[in-house]
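Working notes for the structure below.
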Amino acid sequence: MSDRVAPNNLEAFWMPFTANRQFKKAPRMFASAKDMYYKTVDGRTVLDGTAGLWCVNAGHCRPKITEAIRAQAGELDYAPAFQLGHPKAFELANRLVDLAPQGMGHVFYTNSGSESVDTALKIALAYHRVKGQGERFRLIGRERAYHGINFGGTSVGGIVSNRKMFGTLLTGVDHIPHTHLPEKNAFTRGQPEHGADLADTLERIVALHDPSTVAAVIVEPVAGSTGVLIPPKGYLQRLREICDKHGILLIFDEVITGFGRIGAPFAAEYFGVTPDIMTTAKGLTNGVIPMGAVFVRDEIHDAFMHGPEHMIEFMHGYTYSGNPIASAAGLATLETYQDEGLLTRAKELSPYWEEQLHSLKDCPHVIDIRNLGLIGAIELEPIAGEPTKRAFSAFLKAYDDGLLIRTTGDIIALSPPLIISKAEIDELFDKLRKVLMNNI
Ligand SMILES: Cc1ncc(COP(=O)(O)O)c(C=O)c1O
């Protein structure tokens, strides 16, 4: 074996969303995980403050999920997803729509959040076309939105660094303003008071393009990856009203808010605003096996069910849509959530979480703290001329001290597994306080 392919050579793997050269000089590797904790390859314990990447909502290596995957792999490993099926994909779909807001009775399976987003955008465009309104081709996203990294999601997304390298992306896309108003809302607990009026910009953008050309508006009910932006009170309701007024579909990207993150199965239920389409992934299988699901209102699904019965109604799908092992993992995950009340646990824990999180207000360089459900963010003052460096060094220090946090820009984002105990919340914030006090 040559040096180039030696098993401990880190060079060949071009890592995603990673500072590759920095990582490969000082790798951070996990060897195992159980419940709230990772073990590193050098035997250290790391408290998971981020549920992996916002996905391991039930904690790590949960027995029901592990066993379901093991059993399914030995019974039916794969079944073609096109023109054929297997019972568990249907069973899971039924269980999922039971959790969803009233009237969202159908799901389309994908393998990731990015695929869910692109699927949702395609459903929106195709829906208008089958309804005889093919001139509705425009898609509207929001500044600072993250909708994954496929072309559709990147186009409606609003993170400059994720967009600027990739040419023109989709045409016919516009963006409404983000809702981050630190000068008015800094250190708000829960939903901010100010900013609902920013939804009215949608009226202006829609008027600019003419409402009859707009297919859909997509937003994260709570933006996560871009630094935890909580919707101002009344903001989502206003978006819903404007979309209704103009016959525009409203898509909620619930890839991180889905499956209990803010104290209800979905953010749509928490905020009392029902979208037309809802994208999910991550927590659907507890992050264990790739799977996503796009929920649609019945009327949207039914609009496709016309024409000769032998014809495919929607020309879209993935080799692994509804994969048997992913379906088994999804069923076992939902069972675990339900057995342990995890889909609403964030609501019970959030007052304690909020209190402990906001107790970090006096730490150096903290310029804002925000929270909802079991999500928290601490925004740090950037080092002059070196944006992102302060938060990244907090991430490295936290890892060395046995705590996994996530950073985006100069913002620390927290989203622990929903099984976290009060003692573990204390441990998390004790560790984080030490990091923040340590000259970062
Ligand atoms: C709101 C949102 N949409 C889409 C995605 C993309 O998901 P994936 O990484 O599974 O493609 C993410 C990932 O963090 C997300 O937070």
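With the sequence shown counted from 1, adding 1 to any position gets you the working numbering. From the three backbone atoms N, C-alpha and C, an ideal C-beta is built for every residue, glycine too. Predicted model only: the values in this text are computed from it and were never measured.
In the three-state scheme derived from DSSP, where H, G and I count as helix and E and B as strand, residue 113 is classed as coil. Residue state for residue 422 is assigned as coil, using DSSP reduced to three classes.
At least one heavy atom of ligand 1 falls within 7 angstroms of the beta-carbon of residue 148. At a cut-off of 4 residues, the continuous stretches assigned as alpha helix (DSSP H) that sit fully inside the region 209-249 are 236-247. At least one heavy atom of ligand 1 falls within 7 angstroms of the beta-carbon of residue 257. Distances from the CB of residue 269 to the heavy atoms of ligand 1 are all 7 angstroms or more. Sorting 44, 115, 275 by C-alpha distance to the C-alpha of residue 319 places 115 at the top. Its Cα nearest to that of residue 420, the residue 339 stands out among 339, 408, 316, 143. Rounded to the nearest whole angstrom, the CA to CA distance from residue 233 to residue 192 is 5 angstroms. Collapsing the DSSP output to three states places residue 377 in a strand.
With distances taken between CA atoms, residue 45 lies nearest to 31 out of 53, 52, 54, 31.
A direct Cα-Cα distance of roughly 15 angstroms separates residue 403 from residue 439. For residue 140, the enclosing beta strand (DSSP E) begins and ends at 139-143.
Annotation: the continuous alpha helix (DSSP H) that includes residue 66 extends over 64-76. It is roughly 27 angstroms from the alpha-carbon of residue 166 to the alpha-carbon of residue 203.
Inter-residue distance for residue 74 and residue 68 is about 10 angstroms (C-alpha atoms, whole angstroms). If you draw a straight line from the Cα of residue 172 to the Cα of residue 162, it is about 18 angstroms long. With a contact defined as Cβ atoms closer than 8 angstroms, residue 224 and residue 145 qualify at about 6 angstroms.
Between ligand 1 and residue 300, a heavy atom-to-CB distance of less than 7 angstroms is absent. Shortest Cα-Cα distance from residue 253 to any of 85, 49, 119, 96 involves 119.
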